[in-house]
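Right, one structure below, let's go through it.
2 protein chains.
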Amino acid sequence: MNTLEELEDFIENGYKTYIPHISIDCAIFGYHDHQLKLLISRLKGFDRFCLPGGYIKRTENLDDAATRIVEERTAITGLYLQQYKTFGGPERIKWNDPDTINLMKVHGYEKIRSSWLMDQTISIGYYAITDFSLVKPQPDLMTITCEWSDIDKVPDLLFDHNKMVKESLQALRLQLYYYPIAEKLLPKKFSLTEIHAIYETILGKTLDMRNFPKKLIFLGLINRLNEKRNIGPHRAPYLYSFNAKKYKKALEKGITLG
Amino acid sequence: MNTLEELEDFIENGYKTYIPHISIDCAIFGYHDHQLKLLISRLKGFDRFCLPGGYIKRTENLDDAATRIVEERTAITGLYLQQYKTFGGPERIKWNDPDTINLMKVHGYEKIRSSWLMDQTISIGYYAITDFSLVKPQPDLMTITCEWSDIDKVPDLLFDHNKMVKESLQALRLQLYYYPIAEKLLPKKFSLTEIHAIYETILGKTLDMRNFPKKLIFLGLINRLNEKRNIGPHRAPYLYSFNAKKYKKALEKGITLG
DNA sequence: ACAAAAGTGTTCGATCTACACCCATGT
DNA sequence: ACATGGGTGTAGATCGAACACTTTTGT
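Okay, structure coming up:
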């Protein structure tokens, strides 16, 4: 969606290629150097921020749709998106909300009011995590801005999106030990210090630096390599790599949380 | 939906009260005396069975909709339904499927083909469990029959419903120790033998009769009462009751599985 | 007294937690 | 030699798994 014609066509005819009444909203977390952030965007005609979201094509499955939506809205590719919950209910979208009224004015009240987009919508929640320093989100035409917000400074979002953020973060924390979540945040070879910082930051608590590697190695999620990295005037750390197969086994068995 | 007029009206005008393109399908498990069953129903015009499902009213939230749908289709009330996953994708419903073609014939091909019901649909999966000996499912007008099927003799179901059954059973097993699932299957006061049988049957494996009560009591999920029940020519068992508050705490902390 | 079901305790190994010091490197 | 960050081991507590016999009761 990058030209004005495409946008107009989407408002009028989108229901032919997309399934109406159901959307996907993605909570994209960004990690870098002990900081956890959330990607929020502001859409044309809205005062408040929201999660990047969109509609599902009639030819797509849900996971592919989530990937495409994030790519279109933010130009971020290659995310490992995870479905966590579906949200609905008449209170999801408030029609007397100033933002919604504003949106109608921007697009010409009558046109948008009768659009398929304005009908009641149920939303499937997905989350993902990426390295926010490597990724420059680019807004598309519907989006004024998309940016990384500090996780504990997320503003009041549109609709029920604050609730989505809360529940997606819970899901992310629960799944940290049995989905290869950290794999997306690290190079192929990484040091214990690096992965340790990630787990501490995502879980929001400190993890013992002696017990933590034991657990990961015991679970078989990472392997030590016979290499070290030179990091200047300090001891060279060993490098580790992920063992992707073990995640599956861990997932099947179920694993306790830290 | 109990008269023919209501059914016709639903096919033609249902989209005004229900949200199109999205449905709820419920996997209702039934337990009694070491047996685990699944409620399957056969709809008018279909050869194969499916899970009871339906559409969401525009005024409802998702959990309420699931409860209402089960009540309407099967006359089962008071279930504790749990959302576990949402299913989508173009392959969910196959239009060249004999059952679908059959359905069109039954309702008059042209009428049903242009109905809102025949458009592509995404489905939110819910599950619940109840005592199948206490509950007599009653089909409504759209439903020819609904009955309990042995869990390992579930036939080929419509659409992707076999996949739903598989994933809902996984979810049920995972959540057995931290949602009050067994509470629905037992009287207020129950013996250890009774709850033990439930856990063994749902998990599909044997659980040590000495370790099992220790775990439940340690977790605080059940309390021993100062009562016994007379069961004929045998030793009278102690009675226990659930401690509903502890489930919440257990849920927050996360609990390992058996 | 016997049949049928209830109920209980201990040991072992695995795992989790807590805790403090030495190592390697570059300047 | 010192500053900086990297890396390690052990002891105690807790938890989960395995295992067999005694108690109660009605007939």
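Keeping their order, the protein sequence lines are chains A and B.
If you count by this note's numbering, then the first sequence holds residues 632 to 889, one letter each, in order.
If you count by this note's numbering, then the second sequence holds residues 632 to 889, one letter each, in order.
Ideal Cβ placement from N, Cα and C applies to all residues, glycine included.
Reduced DSSP secondary structure (H/G/I, E/B, other) of residue i
i	result
residue 718(A)	strand
residue 751(A)	coil
residue 837(B)	coil
residue 760(A)	strand
residue 873(A)	strand
residue 855(A)	strand
residue 809(B)	coil
residue 711(B)	coil
residue 661(B)	strand
residue 844(A)	helix
residue 650(B)	strand
residue 800(B)	helix
residue 765(B)	coil
residue 816(B)	helix
residue 789(A)	coil
residue 728(B)	coil
residue 886(A)	Low local confidence applies: a pLDDT of 39 at residue 886(A) is under 50, so the model's placement there is unreliable, with the coordinate-based value given in what follows. Three-state DSSP puts residue 886(A) in coil, outside helix and strand.
residue 704(A)	helix
residue 863(A)	coil
residue 827(A)	helix
residue 699(B)	helix
residue 645(B)	helix
residue 723(B)	coil
residue 691(B)	coil
residue 733(A)	helix
residue 634(B)	coil
residue 744(A)	helix
Supposed contact pair residue j and residue i - C-beta distance, whole angstroms, cut 8 Å
i	j	result
residue 685(B)	residue 700(B)	4 Å
residue 798(B)	residue 756(B)	7 Å
residue 774(A)	residue 704(A)	6 Å
residue 648(B)	residue 689(B)	6 Å
residue 804(B)	residue 833(B)	6 Å
residue 655(A)	residue 706(A)	Incorrect: roughly 17 Å between the Cβ atoms, too far for contact.
residue 659(B)	residue 710(B)	7 Å
residue 674(B)	residue 657(B)	With a Cβ gap of about 14 Å, residue 674(B) and residue 657(B) do not count as contacting.
residue 802(B)	residue 740(B)	Not quite, the Cβ-Cβ distance comes to about 38 Å (not below 8 Å), so this is no contact.
residue 866(A)	residue 787(A)	In fact, because the Cβ distance is near 46 Å, the residues do not count as touching under 8 Å.
residue 712(B)	residue 762(B)	The Cβ separation is near 16 Å, so there is no contact.
Under 8 Å from the C-beta of residue i: neighbouring residues of chain A
i	result
residue 717(B)	693, 714, 717, 755
residue 652(B)	650, 651, 652, 653
Opposing strand residues paired with residue i [DSSP bridges]
i	result
residue 779(A)	670(A)
residue 774(B)	674(B)
residue 656(B)	684(B), 756(B)
residue 821(B)	871(B)
Closer than 7 Å at the beta carbon, the chain A residues around residue i
i	result
residue 690(B)	721
Which listed residue (the options) has its alpha carbon closest to that of residue i
i	options	result
residue 663(B)	867(B), 796(B), 803(B), 760(B)	760(B)
residue 637(B)	668(B), 865(B), 772(B)	772(B)
residue 641(B)	665(B), 742(B), 681(B)	742(B)
residue 789(A)	676(A), 649(A), 845(A), 648(A)	676(A)
residue 814(A)	873(A), 691(A), 733(A), 692(A)	873(A)
residue 645(A)	747(A), 660(A), 725(A), 867(A)	747(A)
residue 917(A)	633(A), 661(A), 794(A), 668(A)	In this structure chain A extends from 632 to 889, so residue 917(A) is not present and cannot be described.
residue 754(B)	845(B), 683(B), 653(B), 852(B)	653(B)
residue 839(A)	824(A), 752(A), 793(A), 650(A)	824(A)
residue 633(A)	793(A), 687(A), 702(A), 678(A)	702(A)
residue 764(B)	752(B), 778(B), 758(B)	778(B)
residue 811(B)	851(B), 860(B), 769(B), 780(B)	851(B)
residue 821(B)	734(B), 854(B), 678(B)	854(B)
residue 651(A)	752(A), 806(A), 720(A), 719(A)	752(A)
residue 856(B)	727(B), 870(B), 846(B)	870(B)
residue 831(B)	808(B), 849(B), 848(B), 818(B)	808(B)
residue 780(B)	643(B), 635(B), 666(B)	666(B)
residue 643(B)	767(B), 736(B), 745(B)	745(B)
Partners in chain B for residue i, counting only beta-carbon separations shorter than 7 Å
i	result
residue 751(A)	650, 689
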